[in-house]
Each structure stands twice: as C-alpha cells, then as structure tokens.
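Single-structure report; data block below.
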Amino acid sequence: MRRKLAAGNWKMNGTTAALAEIKAMTEEVTGDIDVLICPPSPLITGAKSVSGDIAIGGQDCHAKPSGAHTGDISAAMLADVGASHVILGHSERRADHDEQDDDVRAKTIAAWEADLIAVVCVGETLAEREAQNTLDIIGGQLAGSIPDGATGLNLVVAYEPVWAIGTGKVPTTDQIGEVHDFIRAKLERRFGAGVGRSVRLLYGGSVKASNADEIFAVSNVDGALVGGASLTAADFNPIIKALNASL
Ligand code: 13P
Numbered sequence: 004m005r006r007k008l009a010a011g012n013w014k015m016n017g018t019t020a021a022l023a024e025i026k027a028m029t030e031e032v033t034g035d036i037d038v039l040i041c042p043p044s045p046l047i048t049g050a051k052s053v054s055g056d057i058a059i060g061g062q063d064c065h066a067k068p069s070g071a072h073t074g075d076i077s078a079a080m081l082a083d084v085g086a087s088h089v090i091l092g093h094s095e096r097r098a099d100h101d102e103q104d105d106d107v108r109a110k111t112i113a114a115w116e117a118d119l120i121a122v123v124c125v126g127e128t129l130a131e132r133e134a135q136n137t138l139d140i141i142g143g144q145l146a147g148s149i150p151d152g153a154t155g156l157n158l159v160v161a162y163e164p165v166w167a168i169g170t171g172k173v174p175t176t177d178q179i180g181e182v183h184d185f186i187r188a189k190l191e192r193r194f195g196a197g198v199g200r201s202v203r204l205l206y207g208g209s210v211k212a213s214n215a216d217e218i219f220a221v222s223n224v225d226g227a228l229v230g231g232a233s234l235t236a237a238d239f240n241p242i243i244k245a246l247n248a249s250l
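Under our numbering, the letters of the sequence shown match residues 4 to 250, in that order.
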C-alpha cells in the first residue's frame, strides 16, 4: 500500500552538465516505484525538462511565502518551477544553519501550503547513539518537526543517522529496523493507524548499490534517501533497480 521511493539528494553538487545524469536515470524508471531527485535549486528548471517520470524536489525552503530574506527560497517558488517535494530538516541544515525542530515544523507547514510533499529528516549523532539515546532523540525530532495534519500524501520521513552520512558507515539492519519500527509506531500513535501506516519511511546514510538489497529488505523501510550515490546514473540506477527488485 506504500509506494516505494528512491530519492536522491544532490546537496551542493552539480551544474547543468549533470542534467544528463538525470536523463540517464529515466531509463531505469519502470513506473512501479517512485523516483525523486533533489538537485541544487538553480538546476530544478533544467532538471524538470529532462526528468520524465522522475520527480524533482528542493533541498530546503523558507517558512514564509515571500519577503525580505536574501538568499532564501520559498516553497511556492519551488512549486512554481516544477518541484513536487522538498527535503526539510536535513542534518546538514540543522548543523550548518542551526535549524531547530520548530524551524523544520514551520517549513513543513509552508511546504504543505504550496502543495509540496515534505521529506522530513531525523537522525542521531554518534555520541547520541553511544549514549543509548537514539530513540529519545528520534522521538523528540518527530514530535517537534512534524506538524499536525500529516498524511501519507504530504509527508515522507527519512531516518538518516548523522554518523552514517557520507562516511561509508552503515547501521546494522537490526539497528535500521529498530528505528524504522519505532518511527512507524510513533506516527500511528499520533496520527492514527491509517495515516501512520501510509507515511513512507526512507533510510539514508551511505546507501549504495552494494548494500541496497539488504537495507530494502528491512521492515518499514520504504526506500532510501541517497546522497553521494545519487549523483550519477551509473551509481543510482542500480539502487533504483534494487528497490524495484524488493517489490
Ligand atoms: P550519503 O548517501 O552520501 O551518505 O548521504 C546521505 C544523505 O545525507 C542523504 O540526504
């Protein structure tokens, strides 16, 4: 009942030359799963022109629809150039821009007002995991970052352990399963079983072709949010293929 989603977060990587990679990714898209690429904002219009059935998203938005906020981008602006999703509360935004759960919640409301699907990220640091605080941290981030009114159509949650991002370190499948089951239970408790079961949960952090199969087999993993391995079709197409094969 939940459509699988293979999502790529290009972070601050890619110029117009990289649009050819998105075009090459369209060849792996079968229609049985959803595929999303979130390039840097200047590439969204170009990405839309080559993306076929691949959805295009932003990596952040401001909480306000317009105004005197130099350098910021509103959710409506993303929607206007064809974005359907926006990543919010990524740990790099939380760290680099001091984004707090309150900010992420306000941005999520703004995204919904612009009819964007919010991909809200949560995840613990290594110190938090070692102190056995993982579930407390994730629970707090979920409660603080997700507004009332979430549905399976307007929200995707990405579990991205900070220590697994860009490091090549991946939690065990048991560790991933524990957190995903916990997130599912939290969503069901807060939003009711129907909504809670319909929100897709992505795992993110050093996903690549060689570990995708085992990650996609974990309970309550509905896909992945991929950084480095989403930058080229050579790396991302096998991940799309693995998610298709997990159906
Ligand atoms: P990597 O796949 O490069 O570890 O990045 C994960 C991530 O942060 C996706 O948002």
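The C-beta atom is built at its ideal place from N, Cα and C for all residues, glycine as well.
Predicted, not measured: the structure shown is a model, and the values here were computed from it.
Proximity of residue i and residue j at Cβ, strictly below 8 Å
i, j, result
"residue 118", "residue 82", "yes"
"residue 39", "residue 79", "no"
"residue 27", "residue 60", "no"
"residue 236", "residue 219", "no"
"residue 126", "residue 94", "yes"
"residue 182", "residue 128", "no"
"residue 238", "residue 211", "yes"
"residue 53", "residue 8", "no"
"residue 12", "residue 90", "yes"
"residue 179", "residue 206", "yes"
"residue 153", "residue 198", "yes"
"residue 84", "residue 155", "no"
"residue 58", "residue 25", "no"
Simplified DSSP state of residue i, which is helix, strand or coil
i, result
"residue 87", "coil"
"residue 148", "helix"
"residue 234", "coil"
"residue 169", "coil"
"residue 176", "helix"
"residue 220", "coil"
"residue 183", "helix"
"residue 254", "In the structure as shown, the chain begins at 4 and stops at 250. Residue 254 is therefore absent and cannot be evaluated."
"residue 195", "coil"
"residue 190", "helix"
"residue 212", "helix"
"residue 82", "helix"
Nearest-angstrom beta carbon gap, residue j and residue i [assumed within contact, 8 Å]
i, j, result
"residue 242", "residue 224", "In fact, because the Cβ distance is near 13 Å, the residues do not count as touching under 8 Å."
"residue 121", "residue 68", "Wrong, their Cβ atoms sit about 15 Å apart, outside the cutoff."
"residue 64", "residue 110", "6 Å"
"residue 36", "residue 6", "6 Å"
"residue 123", "residue 160", "6 Å"
"residue 209", "residue 167", "5 Å"
"residue 148", "residue 104", "5 Å"
"residue 204", "residue 162", "7 Å"
"residue 221", "residue 176", "5 Å"
"residue 133", "residue 140", "The Cβ separation is near 12 Å, so there is no contact."
Those residues which DSSP pairs with residue i across a bridge
i, result
"residue 227", "9 and 206"
"residue 161", "124 and 205"
"residue 77", "65"
Fill in: Length at least 4, wholly inside the region 94-141: the alpha helix (DSSP H) runs in chain order
Those alpha helix (DSSP H) runs which fall completely within the region 94-141 and span 4+ residues are 94-99, 104-116 and 129-133.
Fill in: Contiguous alpha helix (DSSP H) assignments of at least 4 residues, all confined to the region 7-68
As summarised for the region 7-68, the continuous alpha helix (DSSP H) elements at least 4 residues long and confined to that stretch are 22-28 and 47-53, given in chain order.
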